[in-house]
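Protein chains in written order, with the working numbering: chain A, 801 to 1166; chain B, -14 to 558.
So, in structure tokens, the structure goes:
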């Protein structure tokens, strides 16, 4: 398959560069967070993350080369496969004690909920895009709601509260740019809020605990509360310029559990300080800005929906993840895109970036 | 226009995050820098004790007691020499042991590393007091699992051990932490979520000498739920004693509701060995013993050919399918010819003419070769499954296996071959591919005791303050007459002077049962007895299985008599 030369003109090289710069920052942070574990280079988390990048570049290349309209043609198929994987993970999870969010294939952990976010955006964009101006009626929202509700419930059952809740704003954003009446969306949000007490009832005990901890970290000083307090100390003690790479005392002394995955930002905050953290946030802002830009420049409804969905998804992951390391958001287990250690999250994010580039470079065709 | 709204909303959130960072890193820098420098927040866990386990009469079997561990926090050690002499004086540790612990502790940050477990209370108090002068030592209190009867009943309780790093990945969401103990087998594993307490703890701020200055947070621990078992522990002790040094299993059950009164598997082990953290020699010996396999519960996970006890199934199936009646007779000359092969009876001279009741009483193989051939493998297979073979009974223990109830399809799939008629003959007397657990044999006996009803066995009648619902036995669809004829055979086997199970006969109670002696390519035959009493209104049924135990009519039948005698004395009969 050969890409029309003219399309390179619209290839957003800056967006791709931003993504790689953020990835590199993440790699440095992962190395710093895990070097105390005394692993050899090949066992090291940073090395493994690089391996994931190799696979991720393949994913990225494929996502860029195939026109996103071709991808949209199979959006429902991808969506259904992903739903089946989520069901499978639930069944296997029941056999083993505890939460089961991933499959283990030959030492590689594969987490379907990460990919669900992308296939959800694609399926919803496919539906909304084809509806053109007809999204205004209430009936036209029924199928989108089903598309949303099925993965929402399945992910919630895993239980992965954070990822499930993330689907909500993405859902509303795509409907909004797709032309649904804001009136209905506001009603839906109000209805959702009214259902909160019922929803609360279905949460696992530890999930309730995490939300309560958010209100008062001292209710669970050993579990989630401990992590928040230690993470706040790490970030706060970073000050303006930080303690320097590999020099974070909170980090190196093992105070923060899970610091190479969900709490990677506390390592960055501690070692690179306010200036470093701000720089990282600005890089993310640039990416989000370019994503919205791509959505704006394309005249294609499908492309606009995809770009907006991804822009909202990425920014909220960043906001929630950073927010939880400084106690502004509850701890819900959402990775920091491109930075947290973990293959599924990295691959899914790279596919998302690929889709943005894809929409961007084909915008003049439609 | 509409994405303007989204962009503004997201920008607002980004600004909020940046303000939050600014607040934490610039405005609060002094506060957090100080906390970070002193590393002054310490978490002291308070364990929520595990629930206790009681027998059906309320006698405690497994409890938790308080124990004291001495631990060191490397970063807080001030006077190294003083601390070392204190540790060697009070705990009798050698210099090398102490250096070892220091080495280990130096890798952990401000985390207590245990140096001596379960020390006497007086020493714990002495060390705690000394800790005010010599920094770096702390006393941790823990609740420690205590299996009161050591080797008795250990396969019922199972044991505990520390969670591994891998398990922690999934279990941490449920509140498990490093070094936590988790049920590994038996009831400790099956009822883990009920038994486990919820840990609490305090978060304290300490000064530079490691002394507490204020409490930042407290979470009360909660203890786990107690279990009340269906086990009668004096029956359990009797069974364990009767089994003695032999390898094998005994299970005693009330056939009316599935309540297990005793469950023994030998060789056994002392679960207390697993309570200590780390690895001990004794533990490795238990886990690596491949010949005795003391850690495996033979009653539910041991697979063996059932031998002649299986004739209960063959005779029921043949009566049910009208392949024989209670009057049908076959002649036993001591062998049975099929084509060029000869299948022998266990009695050289043969039993002569036999009907089904005599066939069971004498355990005549030739009678059952004829019966099995008339039935055919397909019907035999479906009745084998009807009696519960080939799948777990569903007792409330983990690690139960289902065994093999073979058939044509099974053989095609697993042995890649067609079924031969000679294999049907072996099948009919409980040999060949058939592979069963002792508790499945007990279930079969219970069907006969219960007039054709199957019941799920259970070990726990009450969790916390709620009684588990009583179970209703389910009919497997045998005609009443079928059951009565087979039962008569079981009665004769014990109570007739020439019955194979006559050693199980007991004064003052009517026992019925069947012996089994199963060929075993690895060596001496396995010996079985299964039966019930009293005959007219069975209240107790049991299985006795001896690995390489010789003949079922000898030791197993005698052991069964001993158990029935105990049951009578305890008022169960």
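C-beta: ideal position from N, C-alpha, C; glycine also. As the structure is a prediction and not an experimental result, all values here were calculated from the model.
Tell me the DSSP bridge mates of residue i?
i                      : result
residue 204 of chain B : B:186
residue 445 of chain B : B:214
residue 438 of chain B : B:460
residue 513 of chain B : B:501, B:530
residue 289 of chain B : B:421
residue 327 of chain B : B:322
residue 132 of chain B : B:47
residue 236 of chain B : B:248, B:528
residue 127 of chain B : B:52
residue 491 of chain B : B:494
residue 452 of chain B : B:447
residue 30 of chain B  : B:186
residue 168 of chain B : B:145
Measuring only the C-alpha atoms, how far is residue i from residue j?
i                       : j                       : result
residue 1068 of chain A : residue 22 of chain B   : 18 Å
residue 1047 of chain A : residue 1071 of chain A : 6 Å
residue 1039 of chain A : residue 1030 of chain A : 15 Å
residue 123 of chain B  : residue 58 of chain B   : 8 Å
residue 1103 of chain A : residue 1065 of chain A : 32 Å
residue 316 of chain B  : residue 536 of chain B  : 24 Å
residue 341 of chain B  : residue 466 of chain B  : 13 Å
residue 997 of chain A  : residue -4 of chain B   : 30 Å
residue 1086 of chain A : residue 950 of chain A  : 33 Å
residue 1075 of chain A : residue 1041 of chain A : 6 Å
residue 869 of chain A  : residue 978 of chain A  : 17 Å
residue 899 of chain A  : residue 156 of chain B  : For residue 899 of chain A, the predicted structure reports a pLDDT of 49, less than 50, and the residue's modelled location is therefore unreliable. A value from the coordinates is still provided. Approximately 7 Å, taken between the alpha carbons.
residue 1000 of chain A : residue 991 of chain A  : 15 Å
residue 809 of chain A  : residue 867 of chain A  : 16 Å
residue 165 of chain B  : residue 186 of chain B  : 14 Å
residue 55 of chain B   : residue 69 of chain B   : 13 Å
residue 163 of chain B  : residue 306 of chain B  : 59 Å
residue 189 of chain B  : residue 962 of chain A  : 30 Å
residue 76 of chain B   : residue 256 of chain B  : 25 Å
residue 531 of chain B  : residue 507 of chain B  : 14 Å
Assuming residue i is part of the beta strand (DSSP E), what are its boundary residues?
i                      : result
residue 342 of chain B : Careful: residue 342 of chain B lies outside any beta strand (DSSP E), inside the alpha helix (DSSP H) at 341 to 347.
residue 317 of chain B : 315 to 317
residue 503 of chain B : 497 to 503
residue 146 of chain B : 145 to 147
Might you give, ordered along the chain, the residues of its own chain that have their beta carbon closer than 6 Å to the beta carbon of residue i, omitting 5 neighbours on each side?
i                      : result
residue 454 of chain B : none
residue 472 of chain B : 433
residue 897 of chain A : Low confidence applies to residue 897 of chain A: its pLDDT is 39, below 50, so where it sits in the model is not reliable, and the reading given next is rough at best. Excluding residues within five positions, none has a Cβ falling inside 6 Å.
residue 353 of chain B : 296, 299, 413, 414
Please list the terminal residues of the continuous alpha helix (DSSP H) segment that includes residue i.
i                       : result
residue 354 of chain B  : 350 to 360
residue 85 of chain B   : 80 to 91
residue 864 of chain A  : 845 to 865
residue 108 of chain B  : 106 to 115
residue 13 of chain B   : Segment: none, residue 13 of chain B is in no alpha helix (DSSP H) and carries neither H nor E.
residue 1093 of chain A : 1064 to 1097
residue 1123 of chain A : 1101 to 1125
residue 976 of chain A  : 961 to 977
residue 984 of chain A  : 982 to 994
residue 395 of chain B  : 393 to 400
In chain order, what residues of the same chain lie with their CB nearer than 7 Å to the CB of residue i, ignoring the 5 residues before and after it?
i                       : result
residue 994 of chain A  : none
residue 182 of chain B  : 32, 33, 34, 35, 206, 207, 208, 209
residue 1142 of chain A : 1061, 1135
residue 894 of chain A  : Low per-residue confidence applies at residue 894 of chain A: pLDDT is 48, beneath 50, and the placement is therefore not dependable enough to give any value.
residue 152 of chain B  : none
Since residue i and residue j are thought to touch, with beta carbons under 8 Å apart, how far apart are those beta carbons, to the nearest angstrom?
i                       : j                       : result
residue 132 of chain B  : residue 47 of chain B   : 5 Å
residue 290 of chain B  : residue 504 of chain B  : 7 Å
residue 1124 of chain A : residue 1132 of chain A : 7 Å
residue 449 of chain B  : residue 211 of chain B  : 6 Å
Leaving out the 5 sequence neighbours to the left and right, which residues in its chain are closer than 8 Å to residue i when beta-carbon positions are compared?
i                       : result
residue 271 of chain B  : 254, 258, 279, 280
residue 760 of chain A  : Outside the displayed span of chain A (801 to 1166) sits residue 760 of chain A, for which this structure offers no information.
residue 1097 of chain A : 1160, 1163
residue 481 of chain B  : 346, 487
residue 876 of chain A  : 923, 926
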